[in-house]
Amino acid sequence: MTTGNWNPATEITGQTGRQRRIAGSSDCYFATYNACHSFRSLLFKTTPHMLTPKPIFPGVIELNFQAGEVLGCNVYLVHDAGEWLLIDIGYEETVDDFIEIIRQLDFPLSRCKTLVATHADVDHIQGLAKAKSILKTSVTAHPNAVEPLQTGDTLITLAEITAQNLKLEMPPVQIEHQVNDGDIITVGSLELEVWHTPGHTNSQLAFRIGDVLLSGDNIYRDGCIGAIDAHHGSDIKDFVRSLERIRDSDVKWLAPSHGPIFANNPEFMNRTIDRVRGYLKMADFGTLADSWPLMDQWDDEVAAGTLPEGLDRL
Ligand SMILES: [Zn+2]
Numbered sequence: 030m031t032t033g034n035w036n037p038a039t040e041i042t043g044q045t046g047r048q049r050r051i052a053g054s055s056d057c058y059f060a061t062y063n064a065c066h067s068f069r070s071l072l073f074k075t076t077p078h079m080l081t082p083k084p085i086f087p088g089v090i091e092l093n094f095q096a097g098e099v100l101g102c103n104v105y106l107v108h109d110a111g112e113w114l115l116i117d118i119g120y121e122e123t124v125d126d127f128i129e130i131i132r133q134l135d136f137p138l139s140r141c142k143t144l145v146a147t148h149a150d151v152d153h154i155q156g157l158a159k160a161k162s163i164l165k166t167s168v169t170a171h172p173n174a175v176e177p178l179q180t181g182d183t184l185i186t187l188a189e190i191t192a193q194n195l196k197l198e199m200p201p202v203q204i205e206h207q208v209n210d211g212d213i214i215t216v217g218s219l220e221l222e223v224w225h226t227p228g229h230t231n232s233q234l235a236f237r238i239g240d241v242l243l244s245g246d247n248i249y250r251d252g253c254i255g256a257i258d259a260h261h262g263s264d265i266k267d268f269v270r271s272l273e274r275i276r277d278s279d280v281k282w283l284a285p286s287h288g289p290i291f292a293n294n295p296e297f298m299n300r301t302i303d304r305v306r307g308y309l310k311m312a313d314f315g316t317l318a319d320s321w322p323l324m325d326q327w328d329d330e331v332a333a334g335t336l337p338e339g340l341d342r343l
């Protein structure tokens, strides 16, 4: 494993875990640069031939959970009748590990129907070009993800954040299939219902399989949400609508793109929705806010010459 263009200035110093995170991390900046060696040695020492599947739901395997080790963002393998697909692939350098797991699970590599991008953020899709060439399959994404993925756009994918001295490669990849809200992706007899859930990015997709929503970067078990950042197309109003849609659905389980699976609970969802809605009238996310009421108050106070009670004026 190489560290590639990893810049140590962006590491949290002193962190010794397998998973390293870039300082100031959001969901999109997770890195797993120490993961590969340890995982490969584990895989080959203890399981030379086959792995026993550890499904999280019928027909769904999450590859980090399967590995017993967090290698990166959640990668869902959905399968039925010998056919399978992946939802996200993560960073390029963990592609070999994930494919090795799939091989040892005895899924024929030639039966990969497609590689699906939940959205166009580097931590989910940097490895698509490499995985596509190994598996000789297609890539599927929302129309809004097509240009950044096909051009390898380092800004929209957040692969490059100059102010944080962060620059990752973003290999371009061609998109063969575009999917949008209401489309159905079939895998054997399984049906994945496509939800377009913009907010985190304008290309964010989620996929319903029965009672489960593979929910992308909409919300995590601790109530955090995917990073709000104008550069990759965040929209706070859209985010609220997407979260409300998830809350109001009869989906029972949310299987996010980072971290553990959790129950879809209206009270839990409301706490996050209220917080996110509040951002519309706060300065916290700059141009993504609707208004900043303090500035209206400031207009009035400037016009009236008002200063706080108790302020000693020299
Ligand atoms: Zn993201």
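Numbers 30 to 343, taken from the numbering used here, label the letters of the sequence shown in order.
For each residue, glycine too, the CB sits at the ideal point set by N, CA and C.
One Cα belongs to Leu106, the other to Trp327, and the distance between them is close to 54 Å.
Residue environment analysis places Ile302 among the buried positions, since at least 16 neighbouring C-beta atoms fall within 10 angstroms of its C-beta. Across the set Ile90, Gly101 and Val208, the C-alpha of Val208 shows the shortest separation from the C-alpha of Ala146. Taking the CA atoms as reference points, Thr183 sits about 34 Å from Phe297.
A distance of 7 Å or more separates the beta carbons of Ala149 and Ile204. Setting aside the 5 residues that flank it on each side, Thr226 is surrounded in the same chain by Gln233, Ala235, Asn247 and Ser271, each with a C-beta closer than 6 Å to its C-beta; the list follows chain order.
Close CB contacts of Phe94 within its chain, under the 7 Å cut and outside five residues either way in sequence, are with Lys83 and Ile85 (chain order). Rounded to whole angstroms, the separation of the alpha carbons of Ile265 and Ala312 is 13 Å. Under the three-state reduction of DSSP, Thr215 is assigned to strand. Per DSSP, the beta bridge partners of Cys141 are Trp113.
Residue pairing by DSSP places Trp282 opposite Val241 and Ala292 in a beta bridge. Gly255 has its Cβ nearer than 6 Å to a heavy atom of ligand 1.
Secondary structure at Val89: strand, using DSSP grouped into helix, strand and coil.
Counting along the chain, the unbroken alpha helix (DSSP H) around Ala160 starts and ends at Leu157 to Leu164. Measuring C-alpha to C-alpha distances from Asn173 to each of Leu144, His206, Thr143 and Leu164 identifies His206 as the nearest. In the structure shown, Ala146 falls within a coil segment according to DSSP collapsed to helix, strand and coil. DSSP lists Ala170 as the bridge partner or partners of Gln207. Take the alpha-carbon of Ala333 and the one of Ser263: they are about 37 Å apart. Secondary structure remark: continuous beta strand (DSSP E) runs of at least 3 residues inside the stretch 173-198: none found.
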